[in-house]
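Student: Take a look at the following structure, please.
Chains as they are written, first to last, in the numbering used here: chain D, 4 to 208; chain E, 4 to 208.
Rendered as structure tokens:
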């Protein structure tokens, strides 16, 4: 069984990561959206086990100490993390896994999973980003301001990512991510087995 | 104007490089198939300026000495080369360029064009490759035999390529190459300009 891809998607608040992931998972068979654990309270409409696993700080600490987190971060005073077990299980079943995580989390995954693919989702312009964040209307003005300055700062981090995808049109952005997944599956470095089979057939091994 | 991609496609005789390139160019707008120069005589049905530019050894030597070849190789006693000027002109116009060249030629391109993308086209099995080469029926038995041993030897070279594409179904192989092209266009390293524009908008630069 060929191991599934690990796809990391980062990008500023308002870039549209959530919508893109939802559409991607609806359209692609065999991709698993990793549900994070978090200590932040649910926003209106968010459900436990669907958007996040909502847990206490104590539960988060325990999980972290047991080595159960592939990455974790503190963002705006709350803790977020990716449960390691589920990700590894799905990948070993040949399923691709997508993580929607921030740049700090992505750094940790970069250190731990050399074969992961890193995508950064961008708004078409910074002006558009401002409109999107303000339009969400669920945050206090000081949080909105902090999100902006974070977004600006994080742009510099894109250089550590493999691909950048501009979310101007949702379906176009989803199609690009599909193309990246299809292309990455054909990387020579991910297909040693096929190569060895052909070499054996060719009588070299 | 963003520079077009340079795509290098190699693979053993019988892998189906020609058919794949034809289909790709028919289906994708804005891709230019680089026509090689060669000193070998035309096969039945081949046309000058369509399949190759058929030139004399003297003409080939002149072109090479003037630095007019992006790569060149001697294969089965004949010379083949890629005219440099046309490739660079098309790329600077934003057009993607595909080169269908052997592994020796690919090595030279790898040294000269760091931003090129290298694809290796494979048959589904070595048995299938044998059937395809024999089925072509245009070559002498000793040439067929040489093509086989070359194919086996060349498999080891795949490790220097970025992607491997298995040509089991033509349309599937073409779709994979399209995905590779779409993905490569989104590489962070190819999009410095967009990144700088966003950073300027964000007030960082």
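The C-beta atom is built at its ideal place from N, Cα and C for all residues, glycine as well.
Which residues of chain E have a Cβ atom closer than 9 Å to the Cβ of residue 190/D, listed in chain order?
Tutor: Near residue 190/D (Cβ distances below 9 Å), the residues of chain E are 165, 166, 167.
Student: Consult DSSP for residue 81/D and reduce its assignment to one of helix, strand or coil.
Tutor: Here residue 81/D sits in strand by DSSP.
Student: Please name the residue in 47/E, 199/E, 120/E, 155/E whose C-alpha comes closest to that of residue 12/E.
Tutor: Minimum Cα distance to residue 12/E is reached at 120/E.
Student: Using a Cβ-Cβ cut-off of less than 7 Å, list which residues of the segment 171 to 186 of chain E approach chain D; keep chain order.
Tutor: Against chain D - using a Cβ distance shorter than 7 Å - the residues of the segment 171 to 186 of chain E are 179, 182, 183, 185, 186.
Student: When you compare the CB of residue 210/D with every CB in chain E, is at least one pair closer than 8 Å?
Tutor: Because chain D in this structure spans residues 4 to 208, residue 210/D falls outside the shown range and cannot be described.
Student: Looking at the secondary structure, which residues open and close the alpha helix (DSSP H) in which residue 66/E lies?
Tutor: Its alpha helix (DSSP H) spans residues 60 to 68.
Student: In angstroms, rounded to a whole number, what distance separates the CA positions of residue 90/E and residue 202/E?
Tutor: If I take the Cα positions, the gap works out to 32 Å.
Student: Of all Cβ atoms in chain E, is any one closer than 8 Å to the Cβ of residue 32/D?
Tutor: Not one chain E Cβ lies under 8 Å of residue 32/D.
Student: For residue 86/D, which of helix, strand or coil comes out of DSSP?
Tutor: In this structure, residue 86/D counts as strand in the three-state DSSP scheme.
Student: Say whether chain E places a C-beta atom closer than 8 Å to the C-beta of residue 202/D.
Tutor: Yes, its Cβ sits closer than 8 Å to a Cβ of chain E.
Student: Using the Cα positions of residue 136/D and residue 144/D, report the straight-line distance between them to the nearest angstrom.
Tutor: Cα to Cα, residue 136/D sits roughly 10 Å from residue 144/D.
Student: To the nearest angstrom, report how far apart residue 106/D and residue 70/D are at their CA atoms.
Tutor: Going from the Cα of residue 106/D to the Cα of residue 70/D covers about 20 Å.
Student: Please report the distance separating the alpha-carbon of residue 93/D from that of residue 161/E.
Tutor: Going from the Cα of residue 93/D to the Cα of residue 161/E covers about 29 Å.
Student: Going by beta carbon distance, what residues of the same chain come within less than 7 Å of residue 78/E, once the five residues before and after it are set aside?
Tutor: Once the five neighbours on either side are set aside, the close Cβ partners of residue 78/E are 105.
Student: Helix, strand or coil for residue 41/D per DSSP?
Tutor: The answer is strand: DSSP assigns residue 41/D an E or B state.
Student: Please confirm if residue 129/D has its CB atom under 8 Å from at least one CB of chain E.
Tutor: Judged by the 8 Å Cβ criterion, residue 129/D is in contact with chain E.
Student: Residues of chain E with a CB under 8 Å from the CB of residue 194/D: which are they?
Tutor: Here the neighbours are 167.
Student: May I ask you to verify whether the segment 10 to 29 of chain D touches the segment 122 to 133 of chain D, counting CB pairs closer than 8 Å and requiring at least 3?
Tutor: In short, these stretches touch, since the Cβ pair count reaches three.
Student: Take residue 58/E and list the residues in its own chain whose beta-carbon comes closer than 6 Å to its own, dropping the five residues that flank it on each side.
Tutor: Correct list, in chain order: 40.
Student: Apart from the five residues just before and just after residue 56/D, which ones in its own chain have a Cβ nearer than 8 Å to its Cβ?
Tutor: Same-chain partners within the cutoff: 38, 39, 40, 41, 86.
Student: Going by DSSP, what residue range makes up the beta strand (DSSP E) through residue 125/E?
Tutor: From DSSP, the beta strand (DSSP E) with residue 125/E extends over 120 to 125.
Student: Tell whether a beta-carbon distance below 8 Å holds between residue 191/D and residue 83/E.
Tutor: No, these two residues do not count as a Cβ contact at 8 Å.
Student: Would you verify that the beta carbon of residue 158/E is, or is not, closer than 8 Å to some beta carbon of chain D?
Tutor: Yes, contact with chain D.
Student: Give a yes or no on whether 8 Å exceeds the smallest Cβ distance from residue 9/D to chain E.
Tutor: Residue 9/D does not count as touching chain E.
Student: If we define contact as Cβ-Cβ less than 8 Å, is residue 198/E a contact residue for chain D?
Tutor: Chain D, which has a Cβ nearer than 8 Å to the Cβ of residue 198/E, makes this yes.
Student: Helix, strand or coil: how does DSSP classify residue 74/D here?
Tutor: Strand at residue 74/D.
Student: Quick one: give me the first and last residue of the alpha helix (DSSP H) that residue 99/E is part of.
Tutor: Unbroken run through residue 99/E is the beta strand (DSSP E), 99 to 103; no alpha helix (DSSP H).
Student: Starting from residue 183/E and walking both ways along the alpha helix (DSSP H), at which residues does that stretch end?
Tutor: Segment 173 to 188, the alpha helix (DSSP H) holding residue 183/E.
Student: Residues in the segment 99 to 116 of chain E with C-beta within 8 Å of chain D's C-beta atoms, listed in sequence order?
Tutor: Under the 8 Å Cβ criterion, the segment 99 to 116 of chain E contributes no residue.
Student: Cβ closer than 9 Å: which chain D residues qualify as neighbours of residue 125/E?
Tutor: Correct list: 197, 198, 201.
Student: Got a sec, what are the start and stop residues for the beta strand (DSSP E) residue 13/D sits in?
Tutor: Run containing residue 13/D: 9 to 13, per the beta strand (DSSP E) assignment.
Student: Tell me where the alpha helix (DSSP H) around residue 197/E begins and ends.
Tutor: Here the alpha helix (DSSP H) through residue 197/E covers 195 to 204.
Student: When burial is assigned at 16 or more other CB atoms within 10 Å of the CB, is residue 118/E buried or exposed?
Tutor: Exposed.
Student: Whose C-beta lies closer than 6 Å to the C-beta of residue 36/E among residues of the same chain, with five residues either side of it excluded?
Tutor: 24, 28, 101, listed in sequence order.
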